[in-house]
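*Asks:* Have a look at this one before I ask anything.
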Amino acid sequence: MKRLIFLLIFALALSACSANEAEEPDDSASENTNQQTEEEMEHKDEREEEEEPAKDEESEIEVDAEAANEPQYYVAEDASVVPLEEDIDENVVLLTIDDAPAEYALEMAETLQELEAGAIFFVNGHFLDTPEEEEALRQLHEMGFPIGNHTYNHPLIPDLPEEEQKEEIVSLNDRVEEIIGERPKFFRAPNGMNTDYSEQVVVDEGMILMNWTYGYDYFEPYMDADKLAEAMISGEGPEVDVDYSLLKPGANLLMHDREWTNEALERIVNGLRDSGYEIVDPHLIQTLDEASEKE
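Per mature numbering (1 follows the signal peptide of the UniProt record, and there is no 0): the sequence shown = residues -21 to -1, 1 to 274.
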């Protein structure tokens, strides 16, 4: 009997030891787990370090894009385009095309787009009477060209009563907005003739008043593509008593929606560039709203 009791106690003791051994952790497995965790953390840190520069580069690109859209020029009283800062290129000229969209505006826009040259298209309301003319304006806008106001019916503003002066300007802004969803930011009076009243209406409408430095395509001797190209590139118009060059940094060049101008346009752009001038992007010209925000 004593021997049986002893065997039972011995069996229970062995069973307890086995249970304790099963509960003891495996040190080697623990070490492997810790090593795995450390390696994963190291890889995670490396991935984060690699991602950070990419975020910084993306941020820099966004900042550069915003800077690229900042105004760089303003329109002076003599109609020339002047840099806002000293380190901005002054050897630029502005291209403007009046009386659009008559017959050749879209062809001219396509030529400019191929040459990567900007321009402001100043439109008249009497060229926006048909669905086809509306579509032409819409395409000019979608191609990225700013649309300017050249009055609704192209009258001489000083010949009109004040109420009609306002109607010529504001009604065209309304019409343009109806078609493209934006109001013009620039105004040019027919023949460059304004009154104190019309100039105030232009300001009230939030537009930049713009004249021009020179242009020749409305003079009969220059209703020829070859002669016009030479005159616009040189700045000289000897056949209309301009025997000296009007080409200068910031020159504001007047052209029209005309057959001979359309034919000469590519030569004009290339000739001006060969003379050391760049075609300024009109979107870089400070608008009235932008000027007010900085004050």
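C-beta atoms are modelled at their ideal positions from N, C-alpha and C, and glycine is treated no differently.
(1) Using CA atoms only, rank isn't needed, just tell me which of GLN144, ASP153, TYR197 is closest to residue 275.
(2) In terms of DSSP beta bridges, what is VAL71 paired with?
(3) Can you tell me the Cα-Cα spacing of ASP268 and PHE165, whole angstroms?
(4) DSSP on TYR197, reduced to helix/strand/coil?
(5) So what's ALA168 in DSSP terms, helix, strand or just coil?
(6) By the DSSP assignment, the beta strand (DSSP E) with TYR52 in it spans what residues?
(7) May I have the straight-line CA-CA distance separating ALA115 from PRO80, to the nearest angstrom?
(8) On the CB-based measure, 16 or more other CB atoms within 10 Å of its CB, does ASN13 come out buried or exposed?
(9) Please list, in chain order, all residues of the same chain as ALA204 whose beta carbon is under 7 Å from its beta carbon, the five residues on each side excluded.
(10) Determine the direct distance from the alpha carbon of GLN51 to that of LEU263, and round the result to whole angstroms.
(11) Straight-line CA distance for ILE258 to LEU251?
(12) Taking C-alpha atoms, which residue in THR130, GLU121, ASP138, MET211 lies nearest to LEU85?
(13) Looking at GLU147: is its Cβ nearer than 8 Å to the Cβ of ASN170?
(14) Using the three-state DSSP reduction, which class does PHE100 fall into: helix, strand or coil?
(15) Among the residues of its own chain, which have a CB less than 8 Å from the CB of ASN70, if the five just before and after it don't count?
(16) From residue 284 to ASN128, what does the alpha carbon distance come to, in whole angstroms?
(17) Within its chain, find whatever has a CB closer than 8 Å to the CB of PRO217; leave out the 5 residues flanking it on each side and keep chain order.
(18) Which of helix, strand or coil does DSSP assign to residue 293?
*Replies:* So, from the data block:
(1) In the structure as shown, the chain starts at -21 and stops at 274, and residue 275 therefore has no counterpart that could be examined.
(2) GLU257
(3) Spanning the alpha carbons of ASP268 and PHE165 requires a straight line of approximately 12 Å.
(4) coil
(5) For ALA168, the three-state secondary structure derived from DSSP is coil.
(6) 52 to 54 is the span of the beta strand (DSSP E), which, as asked, contains TYR52.
(7) Looking at the two C-alpha atoms, the distance is approximately 7 Å.
(8) Because ASN13 sits at a pLDDT of 47, beneath the cut-off of 50, its placement in the model cannot be relied upon, and the following sentence gives the value as read from the coordinates. Its Cβ having fewer than 16 others within 10 Å, ASN13 is exposed.
(9) Within its own chain, the residues whose Cβ lies closer than 7 Å to the Cβ of ALA204, once the five positions on either side in sequence are excluded, are TRP239, GLU242, ALA243, listed in chain order.
(10) Those two C-alpha atoms are separated by around 5 Å.
(11) 8 Å
(12) GLU121
(13) no
(14) strand
(15) PRO228, GLY255, TYR256, GLU257
(16) The question about residue 284 has no answer here: the residues shown for the chain are numbered -21 through 274.
(17) none
(18) Absent from the structure is residue 293, since the part of the chain shown begins at -21 and ends at 274.
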